[in-house]
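Colleague: A single structure is presented below for examination.
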Amino acid sequence: MKLFLDTANVEEIREAVQWGVIDGVTTNPTLAAREKKDFLEILPEICRLVDGPVSAEVISEDWQGMVEEARQLAAVADNVVVKIPVTWAGMQAVKLLAGEGIETNVTLVFTVNQALLAARAGATYVSPFLGRLDDIGGSGIALLEDLVALFKQHQLPTRIIAASIRHQEHVTRAALAGASIATLPHRVLKQMVKHPLTERGLEQFLADWRQLSEQ
Ligand code: E4P
């Protein structure tokens, strides 16, 4: 499973890229608004920093507006993927954009049927929102497992991005369920390397080594 960073913050992206484990970035209008800058100014920098797909979302609600925005976003860099919500207008836009060779990431997916529609329309990626489904008493991981089974059974080429990841268990379960990608907040990625026994073990190793060199 590949790891994407779910942020529009350039510093977070720069740091994660240096760690060497990031294969792409996803953003959304909320994350972009948090940066308090014109997103079209930030996007080219993000695309330069990341050697992989960068999802940027449309904000139009009609298919014509979505397609127009998508073309503008795709013109920013070769690695831009256009994020489109799972609505009928969105499906129409995805179909058209697929015909133009523009990659899409269908977002705000909460059911198997929504994911199936996105795949049939020709989406490159589909993003089930695990955390938000858990928030309303559903199971994000159960949805993800169903999507993995569905796409395998029908040999659908659309790749699954496990999104709305909130904690370590989501990452582990998404990987074991067979998601192609998980997109993580910086906070969750940073936590992934940590374990108390790793820290304690490292302290002990270094202390023992120092003791030897002091003898
Ligand atoms: C995914 O592409 C979305 O940007 C994101 O994962 C949403 O996460 P949230 O539910 O934490 O806002």
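Heads up: the sequence shown runs through residues -15 to 199, numbered per this note's numbering. We put the CB at the ideal spot given by N, CA and C, even for glycine.
Could you pull out every residue in the same chain whose Cβ sits closer than 6 angstroms to the Cβ of Phe113, ignoring the five residues on either side in sequence?
Modeller: Cβ within range, chain order: Ala147, Ser148.
Colleague: Is Asn(-7) near the ligand E4P, going by C-beta to nearest heavy atom under 7 angstroms?
Modeller: Asn(-7) Cβ: outside cutoff for every heavy atom of the ligand E4P.
Colleague: Report yes if the CB atom of Ala73 is closer than 8 angstroms to the CB atom of Asp46, and no otherwise.
Modeller: Cβ atoms of Ala73 and Asp46: closer than 8 angstroms.
Colleague: Out of Gly115, Val155, Leu27, point me to the one whose CA is closest to Val(-6)'s CA.
Modeller: Measuring from the Cα of Val(-6), the nearest candidate turns out to be Leu27.
Colleague: For the segment 65 to 72 and the segment 36 to 56, state whether three or more C-beta atom pairs, one from each stretch, are separated by less than 8 angstroms.
Modeller: Flag = yes, the segment 65 to 72 and the segment 36 to 56 touch.
Colleague: Pull up the CB-CB distance for Thr88 and Thr108, whole angstroms please, since I reckon it's below 8 angstroms.
Modeller: 5 angstroms between Cβ atoms; contact.
Colleague: What residue range is occupied by the uninterrupted alpha helix (DSSP H) comprising Ala147?
Modeller: No alpha helix (DSSP H) holds Ala147; DSSP gives it neither H nor E.
Colleague: For the segment 178 to 195 and the segment 134 to 145, state whether three or more C-beta atom pairs, one from each stretch, are separated by less than 8 angstroms.
Modeller: At 8 angstroms Cβ cutoff, the stretches do not touch.
Colleague: Between the Cα of Ala61 and the Cα atoms of Glu84, Leu80, Gly36, Met75, which residue gives the shortest distance?
Modeller: Per the Cα distances, Gly36.
Colleague: Could you give the first and the last residue of the continuous alpha helix (DSSP H) run that contains Asp118?
Modeller: Segment 114 to 119, the alpha helix (DSSP H) holding Asp118.
Colleague: In chain order, what are the residue ranges of uninterrupted alpha helix (DSSP H) at least 4 long that sit wholly in the segment 22 to 47?
Modeller: Taking only runs of at least 4 residues, the alpha helix (DSSP H) segments lying wholly in the segment 22 to 47 are 23 to 33.
Colleague: Would the beta-carbon of Ala147 be found less than 7 angstroms away from any heavy atom of the ligand E4P?
Modeller: Yes, the ligand E4P has a heavy atom inside 7 angstroms of this Cβ.
Colleague: Alpha carbon to alpha carbon, how far is Thr(-9) from Ala159? Give it in angstroms, no decimals.
Modeller: In a straight line, the C-alpha of Ala159 is about 20 angstroms away from that of Thr(-9).
Colleague: If you draw a straight line from the C-alpha of Leu(-13) to the C-alpha of Trp193, how long is it?
Modeller: Going by the C-alpha atoms only, they are around 35 angstroms apart.
Colleague: In three-state DSSP terms, what is Gly162?
Modeller: Three-state DSSP puts Gly162 in coil, outside helix and strand.
Colleague: In angstroms with no decimal places, state the Cα-to-Cα distance between Ala126 and Ala0.
Modeller: One C-alpha to the other measures close to 29 angstroms.
Colleague: Under the three-state reduction of DSSP, which class applies to Lys136: helix, strand or coil?
Modeller: In this structure, Lys136 counts as helix in the three-state DSSP scheme.
Colleague: Put Lys20 into one of helix, strand or coil per three-state DSSP.
Modeller: Coil at Lys20, not helix or strand.
Colleague: Work out the CA separation of Gln199 and Gln188 for me, nearest whole Å.
Modeller: Using only the alpha carbons, I get a separation of about 17 angstroms.
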